[in-house]
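J.: What follows is a structure written as structure tokens; I'll ask about it next.
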Amino acid sequence: MRLRPAFAAAAAVAVLVPGTASASPVHVATAHGTFAAYAPGAHAVTYRPDLVPPGARAHVFSLSGARTGTMTTLVVTGLRPGRAYGAHAHAQPCCATGDAAGPHFQHVPDPVKPSVDPAYANPRNEIWLDFTTDRLGTGFALSQVDWTFGSRRARSVVVHETHTHTAPGHAGTAGARLACLDVSF
Numbered sequence: 045m046r047l048r049p050a051f052a053a054a055a056a057v058a059v060l061v062p063g064t065a066s067a068s069p070v071h072v073a074t075a076h077g078t079f080a081a082y083a084p085g086a087h088a089v090t091y092r093p094d095l096v097p098p099g100a101r102a103h104v105f106s107l108s109g110a111r112t113g114t115m116t117t118l119v120v121t122g123l124r125p126g127r128a129y130g131a132h133a134h135a136q137p138c139c140a141t142g143d144a145a146g147p148h149f150q151h152v153p154d155p156v157k158p159s160v161d162p163a164y165a166n167p168r169n170e171i172w173l174d175f176t177t178d179r180l181g182t183g184f185a186l187s188q189v190d191w192t193f194g195s196r197r198a199r200s201v202v203v204h205e206t207h208t209h210t211a212p213g214h215a216g217t218a219g220a221r222l223a224c225l226d227v228s229f
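Structure, rendered in structure tokens:
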């Protein structure tokens, strides 16, 4: 399990950074943190220590290129074993409450808020990183979308209570916001 994220990252680099002078620009974002209770300046916050214990860790790696879109990986350790979680890129950084991270980042924003229309709240228009932890509390997720960030960028990844729902009226919802990691996409 530990090598899978490294292999995914190496494969993405090989695809997104060809050895030619005509290669399109590539943007790399990485973030990691150890979850703790909120304190000013915190970059990895747990809001539900029963489901994301203090000391649990998260790592995000993202590559964006005009020819290939954006690939994002999430690796978590120290969470509750054998449990399904949702996770998404959010519009704002982490703060004292999970709601402060704002809505999911959408490449094409839904004009209706909150966004629960599957035409907008879907894994092609948002970065969805749902995972299920193994017996040790480790989880891994991969998102691949065909777009890159422009002047608007996601600012965090939020871990949610359940896998993401897809039905109309509930699309994009995944329960309570359990934890947040700042990411400079």
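Residue 45 is where the sequence shown starts when you use the working numbering, and the numbers rise one by one after that. The beta carbon of each residue, even a glycine, is placed where N, CA and C say it ideally should be.
Which residue comes first and which comes last in the beta strand (DSSP E) that contains Ser108?
T.: Position 64 of the sequence shown, counted from the start, is the residue given in the question as residue 108. Segment Arg101 to Gly109, the beta strand (DSSP E) holding Ser108.
J.: Under 8 Å by Cβ, that's how I've got Ala215 and His209 pegged, so tell me the actual separation to the nearest angstrom.
T.: Translated into positions along the sequence shown, residue 215 becomes position 171. Translated into positions along the sequence shown, residue 209 becomes position 165. Yes, they are in contact, since the Cβ atoms of Ala215 and His209 sit about 6 Å apart, within 8 Å.
J.: How should Val152 be labelled, buried or exposed, when 16 other C-beta atoms within 10 angstroms of its C-beta is the threshold for buried?
T.: In the sequence shown, residue 152 corresponds to position 108, counting from 1. Under this definition Val152 is an exposed residue.
J.: Just reading off the beta strand (DSSP E) that Val156 is part of, what are its end residues?
T.: The residue you call residue 156 lines up with position 112 of the sequence shown. Careful: Val156 lies outside any beta strand (DSSP E) and carries neither H nor E.
J.: On a Cα-Cα basis, can you pick out the residue from Asn166, Ala100, Ser68 and Ala75 that is closest to Ala81?
T.: Indexing the sequence shown from 1 puts residue 81 at position 37. Checking every option, the nearest Cα to that of Ala81 belongs to Ala100.
J.: Secondary structure at Asp174, three-state DSSP: helix, strand or coil?
T.: As a position in the sequence shown, residue 174 is number 130, starting the count at 1. The answer is coil: DSSP assigns Asp174 none of H, G, I, E or B.
J.: Kindly list the residues whose CB is nearer than 8 Å to the CB of Ala198, restricted to its own chain and excluding five residues on each side of it in sequence; keep chain order.
T.: Taking the first residue of the sequence shown as position 1, residue 198 is located at position 154. Counting only Cβ-Cβ distances below 8 Å, and skipping sequence neighbours, we find Ala133, His134, Ala135, Phe149, Ile171, Val227 and Phe229.
J.: Going straight from the alpha carbon of Asp143 to that of Tyr91, what length do you get?
T.: Here the question's residue 143 lines up with position 99 in the sequence shown. Here the question's residue 91 lines up with position 47 in the sequence shown. Taking the straight line from one Cα to the other gives about 10 Å.
J.: Report yes if the C-beta distance between Ala131 and Arg221 is below 8 Å; otherwise report no.
T.: To locate residue 131, count along the sequence shown from 1; it is residue 87. To locate residue 221, count along the sequence shown from 1; it is residue 177. Contact: no.
J.: For the region 116–130 against the region 174–182, are there 3 or more C-beta pairs whose distance is under 8 Å?
T.: Yes: the two stretches touch, three or more of their Cβ pairs being nearer than 8 Å.
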